[in-house]
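These notes are about the structure you will find just below.
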Amino acid sequence: MARRYNPQQIEKKWQERWSASRLYRVKEDAKQQKFYALTMFPYTSGDLHIGHWYAMAPSDIYARFKRMQGYNVLHPMGFDAFGLPAENAAISHGIHPHEWTMRNVENMRRQLKSMGAIYDWNREVISCLPEYYKWTQWFFLKFYHAGLAYRGKAPVNWCPKCQTVLANEQVVAEGFCERCGTAVTKKDLEQWFFKITKYADELLDHSKIDWPEPIKVMQKRWIGKSEGAEISFALEHTASEQKEIKVFTTRPDTIFGVTFLLLAPEHPLVPQLTTPEHRVEVEKYVNWCQRQAEYMRTAMDREKTGAFSGSYIINRLNGEEVPIWITDYVLPSYGTGAVMGVPAHDERDFDFARKFHLPIRPVIAPQEGIDNELCQAYTDPGVMINSGQFTGLSNEQGYEAICNLLEERGWGKHAVTYRLRDWLISRQRYWGAPIPIIYCDKCGIVPVPEKDLPVLLPPDAEFKPTGESPLKYCPEFVNTTCPRCSGPARRETDTMDTFMCSSWYFLRYTSPKIDDAPFDAEKVKCWLPVDLYTGGAEHAVMHLFYARFFIKALRDMGLVDFDEPFARLFNQGTIVYSGGKMSKSKGNVIAPDEYVSKLGADAVRAYLTFIGPWESGGEWSDRGIIGISRWLNRIWNLVNTGYVSQTVEADAEKELRHIIHRTIKRVSGDLENFRFNTMLARLMEFTNYLSKVQEARNISQELWQEAIARLLLLLAPTAPHISEELWATIGRSYSIHNQLWPKFDEQLATEEEITLAIQINGKLRDKVLVPASISEEEAKKMTLERQRVKGYTEGKNLLKLIYIPKRVINIVVK
RNA sequence: GCCGAAGUGGCGGAAUGGUAGACGCGGCAGUCUCAAAAACUGUUGGGAGGCAACUCCCGUGUCGGUUCGACUCCGACCUUCGGCACCA
3 MARRYNPQQI
13 EKKWQERWSA
23 SRLYRVKEDA
33 KQQKFYALTM
43 FPYTSGDLHI
53 GHWYAMAPSD
63 IYARFKRMQG
73 YNVLHPMGFD
83 AFGLPAENAA
93 ISHGIHPHEW
103 TMRNVENMRR
113 QLKSMGAIYD
123 WNREVISCLP
133 EYYKWTQWFF
143 LKFYHAGLAY
153 RGKAPVNWCP
163 KCQTVLANEQ
173 VVAEGFCERC
183 GTAVTKKDLE
193 QWFFKITKYA
203 DELLDHSKID
213 WPEPIKVMQK
223 RWIGKSEGAE
233 ISFALEHTAS
243 EQKEIKVFTT
253 RPDTIFGVTF
263 LLLAPEHPLV
273 PQLTTPEHRV
283 EVEKYVNWCQ
293 RQAEYMRTAM
303 DREKTGAFSG
313 SYIINRLNGE
323 EVPIWITDYV
333 LPSYGTGAVM
343 GVPAHDERDF
353 DFARKFHLPI
363 RPVIAPQEGI
373 DNELCQAYTD
383 PGVMINSGQF
393 TGLSNEQGYE
403 AICNLLEERG
413 WGKHAVTYRL
423 RDWLISRQRY
433 WGAPIPIIYC
443 DKCGIVPVPE
453 KDLPVLLPPD
463 AEFKPTGESP
473 LKYCPEFVNT
483 TCPRCSGPAR
493 RETDTMDTFM
503 CSSWYFLRYT
513 SPKIDDAPFD
523 AEKVKCWLPV
533 DLYTGGAEHA
543 VMHLFYARFF
553 IKALRDMGLV
563 DFDEPFARLF
573 NQGTIVYSGG
583 KMSKSKGNVI
593 APDEYVSKLG
603 ADAVRAYLTF
613 IGPWESGGEW
623 SDRGIIGISR
633 WLNRIWNLVN
643 TGYVSQTVEA
653 DAEKELRHII
663 HRTIKRVSGD
673 LENFRFNTML
683 ARLMEFTNYL
693 SKVQEARNIS
703 QELWQEAIAR
713 LLLLLAPTAP
723 HISEELWATI
733 GRSYSIHNQL
743 WPKFDEQLAT
753 EEEITLAIQI
763 NGKLRDKVLV
773 PASISEEEAK
783 KMTLERQRVK
793 GYTEGKNLLK
803 LIYIPKRVIN
813 IVVK
């Protein structure tokens, strides 16, 4: 046994051979069942850290397992390459975002290749290249023509001192400008939206997909569907031209408890409703609200603020006039931007009423006849009181009765509201796909004709930290001619949200080189939907939500014929080191390169799976990976030492056969359920067992060979390099990765003898080795005859005898 | 505050109603060596008794419950980690 395990050498060797022989090239094949295993493509941040490997190595193991099971597996890789960090690098290091990004792509591709995954690099996609973003722009046009894209005003972060727009990332320390420290405010800007709200109800339906429950819950909360009523209040004695204000409420049953009405500071009627004597105060309050950062406004345990408008409004159900107040806890973008104030039955309204000494009138009582002074809002169900004709009804009955009356009189109706807002896709940035729109003074908004795509990013734009779209300062880009009238026109200078790019990349993998369409429809039909999508749970709402919307919209345009992009979703956990999530600023980043060059990619891959269950993540340990490295060494020595049979003992052979088949069964089951950690434990047990056999030399040469071949096959998905090398060592033909997954014989996998635990009154007192086929009668009889058992039961009454086949027998005595 | 996940040896974890601690790390003892490292072998939850084979008691965040039997199911609480946060 001369050869030592040298992972660096064999890993390089086999990676070159795999590449040269095109081992992992994927082709559509109607005869094979397809399996699309997708890992979220990484952002081109520069270096792959161990967290990336934790996402990618186990998914590669699973994809390889499926491949060995005979599936035609597509397991592609690419790069999410547009985004702000590239621009920041440009600003701080003077390097062009394109160069910075592509340099990172090079490095990350090299690192990914060192992992030894089955990625077919011919299918790589890079979202910042024109051949890709041309189609991102094409999709924008499709959405535009389908009426799903529109222009509207939306607030952006604004620094009043620098007079610039700020990206969210530039707002630091709870709402201050990154550069000058001024409190950031909001400013309205014309921007592009996608009508994701049109799909709110369909997106709420997760019944067609197998996703983790927490992710579904998060998406549901994000959509935030509320059922209630829209109710009109009458304006009579005010300066307003409008004669009503509509509010949305989920509690129409509390309408008799309304003692004030609240408007968001941004509500359009605020100026008209403010009476001259309150003007100064209201304007001061509204200005103050505008200066507040978003986080301040939505912080919950903040004291209520507000201002009285001076006007009153009529609650049509009881004819009462109530004051109209302005407060920032009413959000302009939810419901109608106006709320009826019911302090007795809403905690926020209660706080507000307390602060401004407004009346609190209970209209729902816990039980009939009780009408206590409230010291907090009562939000539970109850009986209606002080509610005119509705008094005495349960609040559920009142809810319906009041809605019916409102509808009858035309004062309101049942209504549904969502927290979900339309998707704002405009970004005031350089490093993104330009929005393919032209503004012409004569023709207005004109989409760029398809034939003119892509709208290329000019390479020489100035991307200074103004926060405003850098393309604005690039006249060659901005100035163009109108595609309709050929007159002078201006291009849109905002770029698209990078979530646009990631909403369709999984379609592009099926046909990445095609240049007359975003994807080959036939190939998409062959591969999609994705069978298994794996990635971090941090994408629960944004990416995963937008991608679902995108596919539903494409389906309605007739571009695809399925409803959901990702049939099954799996979230891996987070890998931590020295007590925290890895981050460059903390300096606790584990660089895989170092371990790959020291212990080999196989050891890193295997160790990551061994830390714990994939979904729970775990802590990186330098000691832990050494254990894995030792194990791989033991396998290396086990195979290279060879085996010379001395005797052939039937019992030893029988037991080894059983161990082989039991191991195959367990490893297959563990892989199928992503229990990679226990899979590895099984393989270690198997290895340890084989070491003993190697020493005992009491089985035949043939059976030894068979056992080793099985071990290597089971190891192949996890440690593709060493298994390939040892496969060659034992004289098998290239490649182990084209072999089929070993099958097991159920009979051989089952134990012939089992240890039956004997309990007396629930306490373990004895164990006995019995044939697995033992009958209940026999088992009970032999148990009761045992000397040890008799010692515990003698002179006592046998109350019960519980027998659980193959497990336990419990004797209850008194 | 609300929603979600989780609490098991010195450590990572295994066992989802039936022998708690698989597998690995670390520790201890040994083999090899002038020595050390590496490697290999044995051992390793805590406590008590015994020369010993072994025997007994305790033990899965806390307190209760269901059950012949609970890490596992139910109820209350504590802690930790994620996510959402004035959505009327």
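With my numbering applied, the first sequence corresponds to residues 3 to 816, in that order.
Note that beta-carbon positions come from the ideal geometry of N, C-alpha and C, so glycine has one too.
Computed from a predicted structure; not experimentally measured.
Three or more beta-carbon pairs under 8 Å between the region 605-622 and the region 630-649, yes or no? yes
Sequence-distant residues of the same chain with beta carbon closer than 6 Å to M3, five excluded per side: Position 1 of the first sequence, counted from the start, is the residue given in the question as residue 3. With a pLDDT of 44 at M3, under the threshold of 50, the modelled position of this residue cannot be trusted; read the value that follows with caution. Contacts found: N642, T643.
Per DSSP, which one or two residues make a beta bridge with R69? Here the question's residue 69 lines up with position 67 in the first sequence. BP columns for R69 are empty, so no partner.
Pick from T752, W327, P334, E323 that is closest to V284, judged by C-alpha positions: Here residue 284 is taken as the residue at index 282 of the first sequence, counted from 1. Of T752, W327, P334, E323, the residue nearest in Cα terms is W327.
Using the beta-carbon count (16 or more within 10 Å), is Q574 buried or exposed? In the first sequence, counting from the first residue as 1, residue 574 sits at position 572. With 16 or more Cβ atoms within 10 Å of its Cβ, Q574 is classed as buried.
Among the residues of its own chain, which have a CB less than 6 Å from the CB of C664, if the five just before and after it don't count? Here residue 664 refers to the residue found at position 662 when the first sequence is read from its first residue. For clarity, residue 664 is Arg in the given sequence; the question names Cys instead. Cβ neighbours of R664 beyond the five flanking positions: A751.
In or out: K802 buried (at least 16 other Cβ within 10 Å) or exposed? Within the first sequence, residue 802 is the residue found at index 800, counting from 1. K802 should be labelled exposed.
State the beta-bridge partners of S228 as determined by DSSP. In the first sequence, the residue the question calls residue 228 occupies position 226. S228 pairs with T419.
Leaving out the 5 sequence neighbours to the left and right, which residues in its chain are closer than 6 Å to H54 when beta-carbon positions are compared? Your numbering for residue 54 matches position 52 in the first sequence. These residues qualify, in order along the chain: P44.
What are the complete alpha helix (DSSP H) segments, minimum 4 residues, inside the region 355-411? 397-411
Buried versus exposed call for P773 [16 or more other C-beta atoms within 10 Å across all chains shown]: Against the first sequence, residue 773 aligns to sequence position 771. By the 10 Å Cβ count, P773 comes out exposed.
Counting C-beta neighbours from all protein chains within 10 Å, is the total for D190 16 or more, i.e. buried, or is it exposed? Locating residue 190 in the first sequence gives position 188, counting from the first residue. With fewer than 16 other Cβ atoms within 10 Å, it is exposed.
heavy atom of the ligand NAP below 6 Å from I756 C-beta: By its list of ligands, the structure shown contains no ligand whatsoever, and the ligand NAP lies outside what it can speak to.
Since I believe I701 is in contact with V650 (beta carbons under 8 Å), could you give me their beta-carbon distance rounded to a whole number of angstroms? As a working mapping, residue 650 is identified with position 648 in the first sequence. As a working mapping, residue 701 is identified with position 699 in the first sequence. With 8 Å as the limit, V650 and I701 qualify as a contact, their Cβ atoms being about 6 Å apart.
In terms of residues, what are the limits of the beta strand (DSSP E) holding N320? The sequence position of residue 320 within the first sequence is 318, counting from 1. Taken as a continuous stretch (DSSP letters only), N320 belongs to no beta strand (DSSP E), as it is neither H nor E.
Just list the beta strand (DSSP E) runs in the region 240-273, keeping only unbroken ones of 3 residues or longer that don't cross its boundaries, in chain order. 246-251, 262-265
Among G619, K554, L601, L561, which residue has its Cα nearest to the Cα of R625? Position 623 of the first sequence holds residue 625. Among G619, K554, L601, L561, the Cα nearest to that of R625 belongs to L601.
Three-way DSSP call (helix, strand, coil) for L801 in this model: Taking the first sequence and counting its residues from 1, the one referred to as residue 801 is at position 799. If DSSP states are grouped into helix, strand and coil, L801 belongs with the strands.
Out of M498, Y548, G154, state which residue places its alpha-carbon closest to the alpha-carbon of S505. Locating residue 505 in the first sequence gives position 503, where the first residue counts as 1. Per the Cα distances, Y548.
Of the choices M220, Q193, W194, whose alpha-carbon is the least far from that of L205? For this step, residue 205 is matched to residue 203 along the first sequence. For the residues M220, Q193, W194, the minimum Cα distance to L205 belongs to M220.
Might you give, ordered along the chain, the residues of its own chain that have their beta carbon closer than 7 Å to the beta carbon of E89, omitting 5 neighbours on each side? As a working note, residue 89 is residue 87 in the first sequence. Excluding positions up to five away in sequence, the list reads P99, R431, Y432, W433, F465.
Among L150, L685, R363, V186, the one whose alpha carbon lies nearest that of T256: To locate residue 256, count along the first sequence from 1; it is residue 254. Considering only alpha carbons, the answer is R363.
Reduced DSSP category for T536 - H, G, I as helix; E, B as strand; rest coil: One-based indexing of the first sequence puts residue 536 at position 534. Correct three-state label for T536: strand.
Excluding sequence positions up to five away, which residues of its chain have a Cβ less than 7 Å from the Cβ of P325? To locate residue 325, count along the first sequence from 1; it is residue 323. The answer, listed in chain order, is F262, F310, Y314.
What does DSSP give as the partner residue(s) for G343 in the beta ladder? For the purposes of this step, residue 343 is taken as the residue at position 341 of the first sequence. According to DSSP, which records beta bridges pairwise, G343 is partnered with F262.
Which same chain residues end up closer than 7 Å to E238 when comparing Cβ atoms and leaving out the 5 residues on each side of it in sequence? Position 236 of the first sequence, counted from the start, is the residue given in the question as residue 238. Closer than 7 Å at the Cβ level, and outside the excluded window around E238, lie I316.
Under the assumption that K136 contacts L455 (Cβ atoms under 8 Å), give the Cβ distance between them as a whole number of angstroms. Numbered from its first residue, the first sequence carries residue 136 at position 134. Numbered from its first residue, the first sequence carries residue 455 at position 453. With a Cβ gap of about 5 Å, K136 and L455 count as contacting.
DSSP three-state call for D203: helix, strand or coil? One-based indexing of the first sequence puts residue 203 at position 201. It is helical.
What does the Cβ neighbour count give for C487, buried or exposed, with the cut at 16 atoms within 10 Å? Taking the first sequence and counting its residues from 1, one reaches residue 487 at position 485. Label assigned to C487: exposed.
Terminal residues of the beta strand (DSSP E) in which K155 lies: Within the first sequence, the letter at position 153 stands for residue 155. Looking at the DSSP string, the run of the beta strand (DSSP E) that includes K155 is 151-161.
According to DSSP, residues forming a beta bridge with M441: The residue labelled residue 441 in the question sits at position 439 within the first sequence. Reading off the sequence shown, one finds Tyr at residue 441, where the question assumed Met. Paired residue(s): I447, R492.
Exposed or buried, which one is G339 when buried takes at least 16 other CB atoms within 10 Å? The sequence position of residue 339 within the first sequence is 337, counting from 1. Buried: at least 16 other Cβ atoms inside 10 Å.
Determine whether the beta carbon atoms of T103 and T46 lie at a separation below 7 Å. Position 101 of the first sequence holds residue 103. Position 44 of the first sequence holds residue 46. In contact: T103 and T46 (Cβ atoms closer than 7 Å).
Hey, which unbroken runs of the alpha helix (DSSP H) at 4 residues or more fall wholly within the region 645-677? 652-674
For K218, three-class secondary structure by DSSP: On the first sequence, residue 218 is found 216 positions in, with the first residue counted as 1. In the structure shown, K218 sits in a helix (DSSP, three-state: H, G or I).
W194 bridges to which residues according to DSSP? Here residue 194 is taken as the residue at index 192 of the first sequence, counted from 1. The partner list for W194 (beta bridge, DSSP) reads R153.
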